[in-house]
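Student: Below is the structure I would like to discuss, written out as structure tokens.
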Amino acid sequence: MVDESSSSDSLRADVEIRGVWQPQGTCLFDVRVIDSDAPSYLDRSPEQILKTAEREKKAKYSEHCERRHVSFSPLCATVDGLIGPEMSILLQRLADRLALK
């Protein structure tokens, strides 16, 4: 996805998948990998860091996605392999769909 409204500050999602949340619906995903052991994060738990990262991604992309009538889900994880709530939901959804095949 590219935001045409500002050529200098283009927004690009990392992944686009159709049919994840609704049939024939498009969902855009943007990935963020976080070093939760970095000095700037020492006062927060990894769970708090991941939830904050998801909120930041949603704030950045939601308006642009709504204008284009597509869904958006942030996919956040730590370098240690912890995953954010939205990524957990996506992985469960994919596992459920694969189990039906």
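All letters in the sequence shown, in the order written, are residues 1 to 101 by the UniProt record's numbering. For every residue, glycine included, the Cβ atom is placed at its ideal position computed from N, Cα and C.
Applying the 10 Å Cβ sphere with the 16-neighbour rule, what's the burial state of D30?
Tutor: Sequence index remark: in the sequence shown, residue 30 carries index 30 (1-based). Taking all protein chains shown into account, D30 has 16 or more neighbouring C-beta atoms within 10 Å of its C-beta and is therefore buried.
Student: Any idea if S45 is buried or exposed, counting beta-carbon neighbours within 10 angstroms, 16 or more meaning buried?
Tutor: The residue given as residue 45 occupies position 45 in the sequence shown. Exposed.
Student: Beta-carbon separation of L90 and S62 under 8 Å?
Tutor: As a first step, residue 90 is located in the sequence shown; it is residue number 90 there, counting from the start. As a first step, residue 62 is located in the sequence shown; it is residue number 62 there, counting from the start. It is not a contact, given that the beta carbons lie outside the stated cut-off.
Student: Are the beta-carbon atoms belonging to C27 and V33 less than 8 Å from one another?
Tutor: The residue you call residue 27 lines up with position 27 of the sequence shown. The residue you call residue 33 lines up with position 33 of the sequence shown. Their beta carbons are not under 8 Å apart, which means C27 does not touch V33 by this criterion.
Student: Ignoring anything shorter than 3 residues, give me the beta strand (DSSP E) runs that lie fully in the region 9-40, in order along the chain.
Tutor: 15-18, 26-34
Student: Quickly, what does DSSP pair I89 with across the bridge? List them, please.
Tutor: Position 89 of the sequence shown holds residue 89. Answer by DSSP bridge pairing: none, since I89 is not bridged.
Student: Less than 8 Å separating the beta-carbons of E86 and E66?
Tutor: As a working mapping, residue 86 is identified with position 86 in the sequence shown. As a working mapping, residue 66 is identified with position 66 in the sequence shown. Contact flag unset, no.
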